[in-house]
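Residues in the sequence shown are numbered from 9 upward in steps of one, following my numbering.
All residues carry an ideal CB built from backbone N, CA and C; glycine is no exception.
Since the structure is predicted, the reported quantities are computational estimates derived from the model, not experimental observations.
Report on one structure; see the data block that follows.
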Amino acid sequence: MTGEIIDNGQHLLAGAYINFFKILKVFGSDSIIKFQPELYVPFFDIKGKKAVLNTSKLPGKTGIAFGLLSLKNISIIGKIQILRLFFRLQFKLVKPENRNTLEFLKEEKQTDDAVERFWEPLVLAVLNCRIQYASAKLLVEVLKKAFFAGNVSSGLCFPTQGLSSLFQSFPEWFSKHRGKLYLNTTVKKLLVTDNKIKGIITSADETVDGDYVISAVQPNVLQNILGTEYQDLPFFAFFDKTQFSTIISIYLWFDHSLDIPEFGALLGTKAQWFFNRRKIVESPKAIKEKYPGHLELTISGANDWDAAHKEELLASCIQELGTIFPEICHSNLVRHQILVDKRATIRITPETERYRPDTKTPISNFLLAGDWTSTGLPATIESAVVSGMKAARHIISND
């Protein structure tokens, strides 16, 4: 269409994705990631107000506290209550179990403006779930790993190229380690005998044998290839509990360059985040000359989206963005693309969190990996990597 590679949404990573960055270093693609030295997040209100969470003024946790106190879009009482919650988190005085995030925040005396202008954008970004559904336990885990783990961990990161570029060297690396890739091939069936997988049958009707099988597909896909005799086991109860969260990504190309920040949270609008891809992503000169302005809008937790109103959604989002950044009104939209992923991530509620399956399964040589498994993390890239490492350790230890 425009000649640019676009992902299923502009990915915003956390500096706390330690295991994911270790993997990228192995593949030699860690240089593609742009790191914030400290956490810096601008918030833009539909009414024209701007606030910035900037933790760079002071080192460590003191900088986070100062940054929160400096936020202009939250009342002083709201900011104090956020800091109070951070203090209680650090000293393990909170009880998030079996609560959704909204219930948890209300119990922790968070003010309405703090919930609307700080917590809700954060929860949507890291959990891809509305606060009335999202597991509070996972939010607490994210806060521990990000806000309380040093400046780099609390900062955000952006891939400066498409996600496929991060793993471009994987086929060569895998081949050197005596691996074999079956490209453009799917698994049709698992061959299970005496509680052990003897092999898999591919879409090309080829049988592949192996000592162990690790499944890294989504639960709905796994359900289709797993025998019915195993689907009824309590271990696989997650199949019936699985819910998904929708993410809508709106890509916009303009005929003028846009002098707006590289990214920011949006308040009071349909989209929750915007990304100025001309300031984040590397693109060929010819494309940038043809399409000087390029933005991406993200709508997380968009399960109530109606496909019949795609053009209305587009017009509404552009109008709202133009209210915040008037120069958009003076640029012509020359291209757009709306991507809707109805199964972008699993929706982890307090109930479904209890049913996330472990790596080991009742089938002796069959292991699970994926962001939806029991990693103690939200359904993120980091969770996927952690699950894969867990599966590998089981095989190495012959456990």
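Assigned exposure category for residue i - 16 Cβ within 10 Å defines buried
| i | result |
| --- | --- |
| P227 | buried |
| R96 | exposed |
| N16 | exposed |
| A24 | buried |
| H302 | buried |
| C137 | buried |
| K87 | buried |
| P67 | exposed |
| T381 | buried |
| A323 | exposed |
According to DSSP, residues forming a beta bridge with residue i
| i | result |
| --- | --- |
| Y141 | Its beta-bridge partners do not exist; DSSP assigns none. |
| A387 | DSSP lists no partner for A387. |
| R343 | W261 |
| L375 | I222 and K368 |
Distance CB(residue i)-CB(residue j) smaller than 8 Å
| i | j | result |
| --- | --- | --- |
| F166 | F35 | no |
| F51 | L305 | no |
| E111 | V102 | no |
| T10 | I256 | no |
| N284 | L266 | yes |
| L230 | K278 | no |
| I389 | F155 | no |
| S253 | G309 | yes |
Spatial distance of residue i from residue j (CA atoms)
| i | j | result |
| --- | --- | --- |
| L376 | V60 | 41 Å |
| K145 | S64 | 28 Å |
| Q129 | I209 | For the record, residue 129 in the displayed sequence is Pro; it is not Gln. If I take the Cα positions, the gap works out to 44 Å. |
| N340 | F282 | 18 Å |
| E319 | S162 | 37 Å |
| T119 | I85 | 8 Å |
| G384 | R186 | 32 Å |
| Q169 | K204 | 41 Å |
| A212 | L198 | 14 Å |
| S173 | A399 | 25 Å |
| P300 | K287 | 11 Å |
| V131 | A142 | 8 Å |
| F271 | L20 | 10 Å |
| L234 | L191 | 21 Å |
| V72 | S39 | The displayed chain sequence assigns Ile, not Val, to residue 72. In a straight line, the C-alpha of I72 is about 27 Å away from that of S39. |
| K100 | K69 | 16 Å |
**Message:** Under 8 Å: do the region 365–373 and the region 238–257 share three or more Cβ pairs, one atom per stretch?
**Reply:** yes
**Prompt:** Is it a yes or a no for the region 303–323 touching the region 206–218, going by three-plus beta-carbon pairs under 8 Å?
**Reply:** no
**Item:** contact_flag[the region 285–293, the region 336–349] where n(CB pairs < 8 Å) is 3 or more
**Value:** These segments do not touch.
**Prompt:** Touching or not, the region 351–360 and the region 319–338, by the rule of three or more beta carbon pairs under 8 Å?
**Reply:** no
**Prompt:** Counting Cβ pairs closer than 8 Å, one from the region 125–143 and one from the region 78–91, do we hit at least three?
**Reply:** yes
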